[in-house]
Amino acid sequence: MSTDADRLPQFVVAGAPKAGTTALHAALATHPGLYLSPVKEPKHYLTDGRPPPRSGQRGPGDAHSAQEWIWRREDYLRLFDGAPAGTVRGESTPFYLHDRAAQRRLAADVPGIRVVAIVRDPVDRAWSNWVHLRADGLEPEADFATAVELEESRVAAGWAPFWHYRGLGRYGEQLRDLYTVLPRSQVLLLRYRQLVDTPRETLDRVSDFLGVESGVAHTVAPENVKPYVADTARYRALARAARAGAALGAHVPPQVWRQVSRPLVAALHAGKAPRPEMPVEVRRAVLAPLLPDIALLEELTGESFDDWRRDTGRGDFRSRRPARA
Numbered sequence: 001m002s003t004d005a006d007r008l009p010q011f012v013v014a015g016a017p018k019a020g021t022t023a024l025h026a027a028l029a030t031h032p033g034l035y036l037s038p039v040k041e042p043k044h045y046l047t048d049g050r051p052p053p054r055s056g057q058r059g060p061g062d063a064h065s066a067q068e069w070i071w072r073r074e075d076y077l078r079l080f081d082g083a084p085a086g087t088v089r090g091e092s093t094p095f096y097l098h099d100r101a102a103q104r105r106l107a108a109d110v111p112g113i114r115v116v117a118i119v120r121d122p123v124d125r126a127w128s129n130w131v132h133l134r135a136d137g138l139e140p141e142a143d144f145a146t147a148v149e150l151e152e153s154r155v156a157a158g159w160a161p162f163w164h165y166r167g168l169g170r171y172g173e174q175l176r177d178l179y180t181v182l183p184r185s186q187v188l189l190l191r192y193r194q195l196v197d198t199p200r201e202t203l204d205r206v207s208d209f210l211g212v213e214s215g216v217a218h219t220v221a222p223e224n225v226k227p228y229v230a231d232t233a234r235y236r237a238l239a240r241a242a243r244a245g246a247a248l249g250a251h252v253p254p255q256v257w258r259q260v261s262r263p264l265v266a267a268l269h270a271g272k273a274p275r276p277e278m279p280v281e282v283r284r285a286v287l288a289p290l291l292p293d294i295a296l297l298e299e300l301t302g303e304s305f306d307d308w309r310r311d312t313g314r315g316d317f318r319s320r321r322p323a324r325a
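Counting with the UniProt record's numbering, you get residues 1 to 325 for the letters of the sequence shown.
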């Protein structure tokens, strides 16, 4: 007779958003020794067994997104019922690394949980986050630097975690707190550039960490890359419609709104343009408050992240070499 422990995940890909969690989830799902939940981001441990609080649903699209959180325990356990005997069960919710309550719930519920945490240059991560929200018509601020400066007031107003442009990139603080609830041996820290530049070697590292055969998982085409969309009159009109639709979508099942909104999202993405270079002064301004956290991350890991302090990031992180399985 199975127990809850037999139906819970044995590992999670915990973060960070826009740092390759979708790509890693898809790649790990190709391994026959692993079972990844059919819902990529169940967000279960962001909840305490109750629906997401309305105080965290005040940004554009937040209320609609909150409907997809799998907060009921039986619904969450059911995600793993399809796992073949002997496979290692896992799920991917990038906000677990940022959310300290989620860290504590996860460690208490599954003391042996293995956590894969992916970090990315925090300015590049924030930029990609902003591009993502702009592409879907949700971010009303057309200037990246201004959107970042609005973060504190938005957080205070109860906007959801995906709007935390700088906050989601404070990996030093996040990792420090994770190490208070889990031993370091249960945490694997990866850099997004490793996923991009050396995918085969990185997947082998993850496989070894999870206790499954290496050389089996392989990369798949990226699924969560959003285009940069220029700020035109056409875009602004479509974006207003997208935000209004997302607000109405909060009152219908998520799958219904996703289906109905596809033509609108496609129209938004049709306005894609070359992604501009980030001005050096903008990068410096976004980076400055994060420098102490980068130093903390280096102290915790014994690894240099000095490349994050440079005036140029890696942009959209296209690999410098052809990706191989």
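The beta carbon of each residue, even a glycine, is placed where N, CA and C say it ideally should be.
Given the structure is predicted, the values throughout are model-derived calculations rather than measurements.
Going by beta carbon distance, what residues of the same chain come within less than 8 Å of residue i, once the five residues before and after it are set aside?
| i | result |
| --- | --- |
| residue 326 | The displayed coordinates of the chain run from 1 to 325. Any statement about residue 326 would go beyond what the structure contains. |
| Asp311 | Val280, Arg283, Arg284 |
| Val88 | Gln10, Phe11, Gly33, Leu34, Tyr35, Leu210, Gly211, Val212 |
| Thr202 | Leu190, Gln194, Leu195 |
| Leu188 | Arg114, Val115, Val116, Ala117, Arg205, Val206, Phe209 |
| Ala241 | Gly137, Leu264 |
| Pro84 | Tyr35 |
Three-state secondary structure (DSSP) at residue i?
| i | result |
| --- | --- |
| residue 330 | Summary: the structure shown does not reach residue 330, with the chain confined to residues 1 through 325, and so no result is reported for it. |
| Glu139 | coil |
| Glu303 | coil |
| Asp311 | coil |
| Arg320 | Confidence is the limiting factor: at Arg320 the pLDDT is only 34, short of 50, which leaves the residue's position unreliable and the question unanswerable from this model. |
| Pro254 | helix |
| Ala325 | Confidence is the limiting factor: at Ala325 the pLDDT is only 34, short of 50, which leaves the residue's position unreliable and the question unanswerable from this model. |
| Pro52 | coil |
| Leu150 | coil |
| Gln67 | coil |
| Arg166 | coil |
| Phe144 | helix |
| Phe80 | coil |
| Pro222 | coil |
| Glu214 | The residue asked about is misnamed: residue 214 is Ser in this sequence, not Glu. Correct three-state label for Ser214: coil. |
| Gly158 | coil |
| Leu97 | coil |
| Ala126 | helix |
| residue 349 | Residue 349 lies beyond the range of the chain shown here (1 to 325); nothing can be said about it. |
| Lys18 | coil |
| His132 | helix |
Can you name the residues that DSSP bridges to residue i?
| i | result |
| --- | --- |
| Ile118 | Leu190 |
The beta strand (DSSP E) with residue i in it runs from where to where?
| i | result |
| --- | --- |
| Tyr235 | Looking at the DSSP string, Tyr235 is not in any beta strand (DSSP E); the run it does join, the alpha helix (DSSP H), is 233-249. |
| Leu34 | 34-36 |
With residue i as the anchor, note down where its alpha helix (DSSP H) starts and where it stops.
| i | result |
| --- | --- |
| Tyr228 | Counting along the chain, Tyr228 falls outside any alpha helix (DSSP H), and DSSP gives it neither H nor E. |
| Arg104 | 100-109 |
| Ser92 | Note, Ser92: premise wrong, no alpha helix (DSSP H); beta strand (DSSP E) at 88-92. |
| Tyr179 | No alpha helix (DSSP H) holds Tyr179; DSSP gives it neither H nor E. |
| Glu41 | Where Glu41 is concerned, there is no enclosing alpha helix (DSSP H), given that its DSSP letter is neither H nor E. |
| Asp204 | 199-210 |
| Asp4 | It is not in any alpha helix (DSSP H) - Asp4 carries neither H nor E in the DSSP assignment. |
| His25 | 21-28 |
Less than 7 Å between C-beta atoms, sequence neighbours within five positions excluded: which residues of the same chain meet that for residue i?
| i | result |
| --- | --- |
| Arg320 | Bear in mind that a pLDDT of 34 at Arg320, under 50, signals an unreliable position, so the model cannot answer this. |
| Gly215 | Asp204 |
| His132 | Lys18, Lys226 |
| Trp257 | His64, Gly249 |
| Asp208 | Ser214 |
| Ala126 | Val148, Tyr165, Arg166, Gly169, Val286 |
| Gly245 | Ser261, Leu264 |
| Trp130 | Glu139, Phe144, Ala147, Tyr165 |
| Lys272 | Pro227, Tyr228, Val229 |
Under 6 Å Cβ to Cβ from residue i, same chain only, skipping five residues before and after it: list those, please.
| i | result |
| --- | --- |
| Ser92 | Val13, Thr21, His25, Lys40 |
| Trp308 | Asp121, Ile294 |
| Gln67 | Pro254 |
| Ser105 | A quick correction: the sequence has Arg, not Ser, at residue 105. These residues qualify, in order along the chain: Tyr45. |
| Leu182 | Ala107 |
| Arg7 | Leu77, Phe80 |
Give a yes or no on whether 7 Å exceeds the smallest Cβ distance from residue i to chain D.
| i | result |
| --- | --- |
| Pro161 | The question asks about chain D, but that chain is absent: this structure has only one protein chain. |
Note down, one range per segment and in chain order, each alpha helix (DSSP H) of at least 4 residues found wholly within the segment 264-305.
280-287, 291-301
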